[in-house]
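Let me begin by presenting the structure, written as structure tokens, before commenting on it.
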Amino acid sequence: MNLVLLEGNLVRDPEKVQGGSNGSVMGKFSLAVDRYTKKDNAESVEEVMYIGV
1 MNLVLLEGNL
11 VRDPEKVQGG
21 SNGSVMGKFS
31 LAVDRYTKKD
41 NAESVEEVMY
51 IGV
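Going by my numbering, 40 is the number at position 40 of the sequence shown; the sequence numbering is gapless.
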């Protein structure tokens with residue numbers, strides 16, 4: 001089994017989505033996650049990634 005943990009800010013309200021042939025209900029939402037990287041000159045750069053879940 002795989003496990004994924006995401007920590008971020010909820011971008012909008014979750015949506016309820018009907019899915020599957022058995023009528024199961026799922027949720028759909030987006031997260032905003034900050035990502036920090038360094039450039040060649042050791043300058044830190046902050047980027048925001050939007051992840052659909």
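Idealized CB from N, CA, C, for every residue including glycine.
Check                                                                                       : Outcome
Residue closest to Leu-31, alpha-carbon to alpha-carbon, out of Ser-24, Val-25 and Leu-6    : Leu-6
Alpha-carbon to alpha-carbon, Gly-19 and Lys-38                                             : 41 Å
Spatially closest choice to Phe-29 from Asn-2, Asp-40, Asn-22 and Val-11, by CA coordinates : Val-11
DSSP three-state assignment for Asp-13, whether helix, strand or coil                       : coil
Residue of Glu-15, Asn-2, Met-1 and Val-4 minimising C-alpha distance to Met-26             : Glu-15
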